[in-house]
Each structure stands twice: as structure tokens, then as C-alpha cells.
Amino acid sequence: MQQKMMAMLIRHFIIVMHLTMSICPPLMKLCGCLIGTDVTTGGLMADCSKNTELDLDFECLARQGLESLDLSGNDLQKVPEELKLSGFKDLKHLDLSRNKISSLVTYNFGAWTRLKSLNISHNYLKDLPEEMPPIHTIDVSYNQLTDMHSIFGLTNTIAIVLGNPILCNCNSSSVQRMYNITSDLTVIECTLHGKDPPMPISIQCHSDIDNVEYPSEWIYHLILIAVIFIIFVIYCGYNFCLI
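Sequence positions in the sequence shown follow mature numbering (1 follows the signal peptide of the UniProt record, and there is no 0) and run -22 to -1, 1 to 221.
Put into C-alpha cells, the structure is as follows:
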């Protein structure tokens, strides 16, 4: 009886182990990182975070066909040039948060044609490129961005811009433009005064911008019709002269 009970317990233990392994696949130490399979996507991921000794082998990582790469907390002062290696072209998720990166302006993001999310929060960024790549989600929270112009390049993506000392200046054309073209204003914060805590732009500038009167839509249609009519008259007059 005890033997049957022991055999049953062993079988149950093996089943539990198999289930655990399938849900939480093991990570292996490789290229100076922990590499394993992402259970949500099935793609290969590398956790290279908090590797302050920077004994990372980027050439080794480039050979793994990674979809997700975590380089957070490594005291990086710039985006590693090694990420331009062709082996990283399939990256979909890149985490560069909690480093010391101060600029992205000179970096070419063209190598990551499949990148869907970029986390570069908690760095020292003071400015952003005028045209950011078409990445689905970009997190630039808790940097040192101060000018609303600096985030215009993020208008075609889901941008998380929290905790930056961006000055609202709600009456400026820059802020009004950002307010009008941004679909999710709850993830963009700015401050009315330098010492005030940042708050969502939808709260800070709601009363100022919503009271601005913009031309009605029919005016735009009227202008368009007038332009078409003028072009038609010029075209007809030109053809009449030829006759």
C-alpha cells in the first residue's frame, strides 16, 4: 500500500515538474546574460540587466536570434553600437531603462525594423530625435526633457512621457499642437511651473486649450471648393487662349 502511494506521489511530482518547466522554461547562462523562452510570445529573450561589469558578448547575443533584450541597469552612457549588428534586426522589445544615456539624437534606429517597444525611461535624456522610428510603444518617462518640441517625434506612437520637467505653456502653438494630435494625453505629463510636480497635459491645459476657438469644419470645405474653382477657371482660360 505504501509502495503504491509512493509511486503515485512520484508520478504526481513528475507531472508537476513537467508543467512547471513548460510554464516557466529554464534560463541558461550564455553570452554574459540569462537566455530563455518568453512564455507569452514563444520568442527568445535575454536578460542582461544589472550587469555592471559589462562582460556582455554582443556578437554572441547577435547569433541567438533574440526577440527581446533587457539591458536595464547597466550604467550605459549611450546606446551600444553593437546593437547595429545584423543579428539584432529581429528585436521586438528592447529595454534600456535605468542607465545613464543622455542622447539619442545621433543614433540610427533603422536597424530595428521589427521593434515594437522601446523602454528608455529613467535616463538622462534632454532631447529626442525629430523623427523617431515607427515603434508601437516608447517609454521616455523620468528623463530630463524640458521642451514640448522634444516629444513631437513621438506623435505617431504610444508614448509614455511621465515624470519629465516639461513646461506646459498651454497657450503656445507647440502645446496646442501636441494636445490636438495626441490620442492618449494621460501618459504625457508637464508642469506649469518649474517646481510643481508634473501632471497629465489633459489636466494642465484643459481649460486653456478647450476655450480656444478653431475654425469650423465647413470653412475648410469652403476654402477647398474655392481653390478647386480657381484652378478650374485658370485651366479653362488657358485652354480658351489656345483655341
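Glycine residues also receive a C-beta, built at the ideal position from the N, C-alpha and C atoms.
Asked: Residues near ILE79 by beta carbon distance below 8 Å, same chain, minus five either side; Found: LEU54, GLN55, LYS56, VAL57, ILE98, ASN101, TYR102, LEU103
Asked: Local Cβ density within 10 Å of MET6, reported as buried at 16 or more and exposed below that; Found: exposed
Asked: Inter-residue Cα distance where the pair is LEU44 and ILE136; Found: 23 Å
Asked: Environment of LEU202 [buried if 16+ CB atoms lie within 10 Å]; Found: exposed
Asked: Spatially closest choice to ASP25 from CYS9, THR19, GLU37, by CA coordinates; Found: CYS9
Asked: Rounded C-alpha distance that separates CYS2 from VAL17; Found: Residue placement at CYS2 is poorly supported in this model, since its pLDDT is 49, which falls under 50; the coordinates still yield a value, given next. Distance between the alpha carbons of CYS2 and VAL17: 7 Å.
Asked: DSSP bridge partner residues for MET177 (one or two, in chain order); Found: CYS168
Asked: Expected contact under 8 Å - CB spacing of GLY21 and SER46 to nearest Å; Found: 6 Å
Asked: Proximity winner among THR133, THR84, HIS171, relative to CYS148 (alpha-carbon distances); Found: HIS171
Asked: Three-state class that DSSP yields for ILE203 in the structure shown; Found: helix
Asked: Between the CA atoms of PHE36 and CYS11 - distance to the nearest angstrom; Found: 10 Å
Asked: Short Cβ contact (8 Å threshold) for SER95 with THR115; Found: yes
Asked: Sequence-distant residues of the same chain with beta carbon closer than 6 Å to TRP90, five excluded per side; Found: LEU69
Asked: Residues bridged to THR115 [DSSP beta-bridge criterion]; Found: SER95, ILE136
Asked: Straight-line Cα distance separating VAL139 from SER128; Found: 11 Å
Asked: Nearest neighbour of SER131, chosen from GLY14, ASP117, GLU59 [CA to CA]; Found: According to the sequence displayed, residue 131 carries Gly and not Ser. Cα-wise, what sits closest to GLY131 is ASP117.
Asked: CA-to-CA distance, GLN122 to CYS146, given in whole angstroms; Found: 14 Å
Asked: Among TYR120, VAL83, SER150, nearest to GLU109 - alpha-carbon criterion; Found: VAL83
Asked: DSSP state of CYS38 mapped onto helix, strand, coil; Found: helix
Asked: The beta strand (DSSP E) enclosing LEU47, as first and last residue numbers; Found: 46 to 48
Asked: Three-state class that DSSP yields for HIS127 in the structure shown; Found: helix
Asked: Closest Cα partner of VAL153 within the set MET126, TYR85, ASP174; Found: MET126
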